[in-house]
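Read through the structure below, which is laid out as structure tokens, and then see the notes.
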Amino acid sequence: MKNWFLDNHRLKRASQYIAAVILCALILCFLLKLWRADSRVPLHYNGDALIHTMFIKTIVDHGWYWENPRLGAPGGLEMYDVPAVDNSAAAILALIGLFAKDPFLILNIFYLLTFPLVTVSALYVFRQLNLSYATSLFGSLVYTFSPYHFMRGESHLFLSAYYFIPLVVLVLIWVASDQLTGGRGRLGLDVKSPKFILSIVICLLVGSNGIYYPFFACFLLLVAGLSAAVVRRSLKPLGTAVLLVAVTFGVVLVNFAPTIIYTYKHGPTGVTARSLAGPEIYSLKISQLLLPITGHRVGALNRLKNLYNQNTNVTESDATALGLLGSIGFLVLLAQLFLRRSERNALLADLSILNIFAILLATIGGFGSLFALFVSPAIRSYNRISVFISFFSLLVVVLGLEWFYLNRVKRGTPRIVFYIGLGVLLIACAFDQTSRVYVPQYAQIKSEFKSDEDFVRAIDSSLPDGAMVFQLPYVPFPEHPPVNKMVDYDHLRGYLHSADVRWSYGTMKNRPGDLWLKQIAALPLDQMVQSLAFAGFSGIYVDRNGYNADDAAALEGQLREILQTGPTESENRRLVFFNTTDYNARLRQKYSDSQWQGKHELTLHPVMLEWRGGFSDLESSPEKNWRWSSSEGELHFHNGSQQPRRVSVEMWFVSGYEEFADMSITGLFSDQLKTNANPVFYSKTLTVPPGESVIKFASNGRRVDAPLDPRVLVFRIENFKMNVLE
């Protein structure tokens, strides 16, 4: 009899979760109009969605996301400098990849799967708090279909995977209410209790969930521990919180270990360097929490939000809107701060403390800005804590509905009316929290996708396996501003649709492979084409969106003349491809085997330059080019060959005033000279050993008076040239 009761109870619980998943799927299908979708065409096909698809394809093709030999040709891509994937999501992606090999299909499956996973997670937490199934189901679905979920989408795929957040909030509640102590140890922990074990498991999971969610979880754990310590007048809750923070942080370190080790061995590149302005720009704004979503279905509310957007700086924090119901809960939590704490409102009091400290951390000019100033600016998008605030706020609403259900709704017809009311309110919330603009432009995306797919497959079929294709214009990877009409990661389209070709785009910014691509792309076009042939490239891919119309036409005209052949063009006329196989064969006939091998080695392992320290980017006019520096700057030489190389360098030094300043040159060689506002010519022949060498420049000149330029400008180098002599 007991076994029958347990089995029946488990079956009932399982059926409740299954029903929640089915209802979630039906609502999602309606909101996104999924019957219009093609499962193998992504819901989003630009920007960050492309790099997430690249991660997926790398996991499927190469086992994990750290290295990809088919990107960044001729070298390859190593992602250690930018650990942009959270391993908990990567594990799920790898699991899906065992059954589905198409990266776009896996992308869609994972993103759509995040919705029922959030529903199940939130439902579990509400039920753990002893709330009825009806109100728990309502709250979990409202949380699932928050604006945050849709606005992050496939472009911020791993932020959309916030299914651990409700579980973290459950742990926060346990810590704040001191439910994890009671044992005999120094911290009073009952390490065998289900709640403590589950708390550890949740910390292990969220610690593998990227960097933002673990960071916010650790901060709020400390807040919960401190709050409980004050209320209980005991340090045990704080000790518990510190232990859970240590577990979470330890898991983060394990997940980031490959990056830490790689950086220690190879040095930092500054790829992920963040400015102190980041936390201000990407902060949380209370106004954006409470205002309607952009594109609201109600015209008056949409106009109100548009008025706000037109008069303020709109960033990704636009995705933080709580919706009407969440806003009510948020305001209740603020009001709770003014009420005396009691046993009846203990949970509300704990949530109000967590909520206000989340705001203090993330709001503009908040603790997050101080953390960036005194610890690290690496965490910049503090608005992302809104997914915690959203759950706090909705939990308050669900608690209010539960109180009403238990105290005001009698059995029979009133309960049926209550359930119907919840259903109507759920529909209202779904319409309030979502917009028609969240529905992907399926036909437009599919047309663009199909054009790229057919174009790249034609390239694949025209080249042997493993052939290399050079992509123009040169675009650094990752995180680069738009190049004309090209947005970041557009060059990944080639790789994502190909089966065997290797692509030049996608080598890590500021590493030797990137310096090689940048140097090759900067050559005069005839020299670039010749160098690509020596290096073993078999084609040149041009994205016309990276140029204005005249420049693209001129480039293609020159390539036609040099290669003596025309290009293949995509159906939408955006992409063109020049097969250089015949050109390579004609060039090859001009050299002996040993000569060709020598050209190959010299091209693949040139002496490359990198300006660091106080040097700014290159600037130019029709007459000359120049590079400003502060009082100190460095020129790094990268000799990738195994032999020393003799090179000659020439340049003009200019400082800002008529009086002379001392210029000191040290490192690979030493020299002294005088500079002033009149250019001083300088040349030198030197031997560059294998590996990396440095020339350091130091000037005692005065800073140039440039009120509108925030840079420190002391001297500049004009018309720098380097020639390899042997």
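Quick note: to get our numbering, add 13 to the position in the sequence shown (first position is 1). The beta-carbon is built from N, C-alpha and C at its ideal position, and this holds for glycine as well. Here the structure is a predicted model, which means the values were calculated and not measured.
*asked:* Quick check: what's the CA-CA separation for R716 versus F387?
replied: Looking up residue 716 in the sequence shown gives position 703. Looking up residue 387 in the sequence shown gives position 374. Their backbone Cα atoms lie some 28 Å apart in a straight line.
Using only CA atoms, which one of P692, L314, Q349 lies nearest to A334? Start at 1 with the first residue of the sequence shown, and residue 334 comes out as number 321. Minimum Cα distance to A334 is reached at L314.
Taking C-alpha atoms, which residue in L622, T616, G704, L631 lies nearest to N652? Reading the sequence shown from its first residue, position 639 is the one you call residue 652. Ranking the options by Cα distance to N652, first place goes to G704.
Notebook entry, point to check: So, is V54 buried or exposed, given that buried needs 16 or more other C-beta atoms within 10 angstroms?
Noted result: Your numbering for residue 54 matches position 41 in the sequence shown. V54 is buried by the Cβ-count criterion.
key: Burial state of T698, where buried means 16 or more other Cβ atoms lie within 10 Å   = As a working note, residue 698 is residue 685 in the sequence shown. Exposed, since its Cβ has fewer than 16 Cβ neighbours within 10 Å.
So, is the C-beta of E415 closer than 9 Å to a C-beta in chain B?
Chain labels in this structure do not include chain B; a single protein chain is all it has.
### Task
Pair every Cβ in the stretch 503-519 with every Cβ in the stretch 469-485, then say whether three or more of these pairs are closer than 8 Å.
yes
_Within 8 Å, do at least three Cβ pairs link the stretch 52-71 to the stretch 228-241?_
no
**Report entry** Spatial distance of W79 from S511 (CA atoms)
**Finding:** Taking the sequence shown and counting its residues from 1, the one referred to as residue 79 is at position 66. Taking the sequence shown and counting its residues from 1, the one referred to as residue 511 is at position 498. Each residue's alpha carbon lies about 20 Å from the other.
* To do: Can you grab the Cα-Cα spacing for the pair Y93 / M67, in whole Å?
  => In the sequence shown, counting from the first residue as 1, residue 93 sits at position 80. In the sequence shown, counting from the first residue as 1, residue 67 sits at position 54. Those two C-alpha atoms are separated by around 15 Å.
(message) Which residue marks the beginning of the alpha helix (DSSP H) containing Q532, and which one marks its end?
(response) Working through the sequence shown from its first residue, we reach residue 532 at position 519. Counting along the chain, the alpha helix (DSSP H) containing Q532 begins and ends at 525-534.
Out of L538, P537, S517, state which residue places its alpha-carbon closest to the alpha-carbon of L528.
Translated into positions along the sequence shown, residue 528 becomes position 515. Nearest C-alpha to L528: S517.
| message | According to DSSP, simplified to helix, strand and coil, what is N597? | response | Taking the sequence shown and counting its residues from 1, one reaches residue 597 at position 584. In the structure shown, N597 sits in a helix (DSSP, three-state: H, G or I).
Inspect the beta-carbon positions of S101 and L218 and report whether they are closer than 9 Å.
For the purposes of this step, residue 101 is taken as the residue at position 88 of the sequence shown. For the purposes of this step, residue 218 is taken as the residue at position 205 of the sequence shown. Contact flag set, yes.
Q. According to DSSP, is K205 helix, strand or coil?
A. For this step, residue 205 is matched to residue 192 along the sequence shown. Reduced to three states, the DSSP call for K205 is coil.
### Query
Under three-state DSSP, which class holds A674?
By 1-based counting over the sequence shown, the position of residue 674 is 661. Strand, per DSSP.
Notebook entry, point to check: I think I215 touches L172, with their Cβ atoms under 8 Å apart; what is that distance to the nearest whole Å?
Noted result: Here residue 215 corresponds to residue number 202 of the sequence shown, with the count starting at 1. Here residue 172 corresponds to residue number 159 of the sequence shown, with the count starting at 1. In fact, because the Cβ distance is near 18 Å, the residues do not count as touching under 8 Å.
* Is it true that the stretch 365-373 meets the stretch 473-487, where meeting means three or more beta-carbon pairs spaced less than 8 Å apart? -> no
Margin query: Could you check whether L239 and A254 sit closer than 9 Å to each other, using their CB atoms as the reference points?
Written below: Here residue 254 refers to the residue found at position 241 of the sequence shown. Here residue 239 refers to the residue found at position 226 of the sequence shown. Yes.
Is the separation between the beta-carbon of A135 and that of V188 shorter than 9 Å? Here the question's residue 135 lines up with position 122 in the sequence shown. Here the question's residue 188 lines up with position 175 in the sequence shown. No, the Cβ-Cβ distance between A135 and V188 is not below 9 Å.
When the Cα of A546 is compared with those of N732, G378, R601, V345, which residue comes out closest?
Taking the first residue of the sequence shown as 1, we reach residue 546 at position 533. The shortest Cα separation from A546 among N732, G378, R601, V345 belongs to R601.
Kindly list the residues whose CB is nearer than 8 Å to the CB of Y146, restricted to its own chain and excluding five residues on each side of it in sequence; keep chain order.
Working through the sequence shown from its first residue, we reach residue 146 at position 133. Contacts found: Q29, R140.
- Once you ignore the five residues that flank Y560 on each side, which residues in its own chain have a CB closer than 8 Å to its CB? For the purposes of this step, residue 560 is taken as residue 547 along the sequence shown, with counting starting at 1. P486, N497, L568.
Taking only runs of the alpha helix (DSSP H) that begin and end inside the stretch 584-631, which ones reach a length of at least 4 residues, in chain order? 594-601, 606-617
- request: Tell whether a beta-carbon distance below 9 Å holds between V400 and Y137.
  value: Here residue 400 corresponds to residue number 387 of the sequence shown, with the count starting at 1. Here residue 137 corresponds to residue number 124 of the sequence shown, with the count starting at 1. No, they are not a contact pair.
Query raised in the report: Does the Cβ-Cβ distance between R586 and R625 come in under 9 Å?
Result: Locating residue 586 in the sequence shown gives position 573, counting from the first residue. Locating residue 625 in the sequence shown gives position 612, counting from the first residue. It is not a contact, given that the beta carbons lie outside the stated cut-off.
Notebook entry, point to check: Who are the Cβ neighbours of P292 in its own chain at under 6 Å, not counting the five residues just before and after it?
Noted result: In the sequence shown, residue 292 corresponds to position 279, counting from 1. Once the five neighbours on either side are set aside, the close Cβ partners of P292 are G381, S382, A385, R393, Y395.
ask   = Considering only residues of the same chain and omitting the five flanking positions on each side of W609, which have a CB-CB separation below 8 Å?
value = By 1-based counting over the sequence shown, the position of residue 609 is 596. So the qualifying residues of the chain are F547, R601.
| message | In whole angstroms, give me the CA-to-CA distance for S159 and T447. | response | Start at 1 with the first residue of the sequence shown, and residue 159 comes out as number 146. Start at 1 with the first residue of the sequence shown, and residue 447 comes out as number 434. Approximately 7 Å between the Cα atoms of the pair.
>> Check whether the stretch 728-739 and the stretch 655-664 are in contact - that is, three or more C-beta pairs closer than 8 Å.
In response: yes
* **For V707: DSSP bridge partner residues** => Start at 1 with the first residue of the sequence shown, and residue 707 comes out as number 694. Answer by DSSP bridge pairing, in chain order: H649.
- Nearest CA to the CA of Q656: which residue from V620, E574, K249? In the sequence shown, counting from the first residue as 1, residue 656 sits at position 643. Considering only alpha carbons, the answer is V620.
**OP:** Check whether the Cβ atoms of S474 and E584 sit closer than 9 Å, and answer yes or no.
**Re:** By 1-based counting over the sequence shown, the position of residue 474 is 461. By 1-based counting over the sequence shown, the position of residue 584 is 571. Cβ atoms of S474 and E584: not closer than 9 Å.
Q. With C-beta atoms as the reference, is L407 less than 9 Å away from G339?
A. What you label residue 407 is simply residue 394 of the sequence shown in a count that begins at 1. What you label residue 339 is simply residue 326 of the sequence shown in a count that begins at 1. In contact: L407 and G339 (Cβ atoms closer than 9 Å).
Exercise for review: Taking only the alpha-carbon atoms, compute the straight-line gap between M671 and N523 and give it to the nearest angstrom.
Suggested key: Within the sequence shown, residue 671 is the residue found at index 658, counting from 1. Within the sequence shown, residue 523 is the residue found at index 510, counting from 1. For clarity, residue 671 is Glu in the given sequence; the question names Met instead. Going by the C-alpha atoms only, they are around 36 Å apart.
Selected residue, minimal CA-CA separation from D501, among S168, N21, F117: Counting from 1 along the sequence shown, the entry for residue 501 is found at position 488. Among S168, N21, F117, the Cα nearest to that of D501 is on S168.
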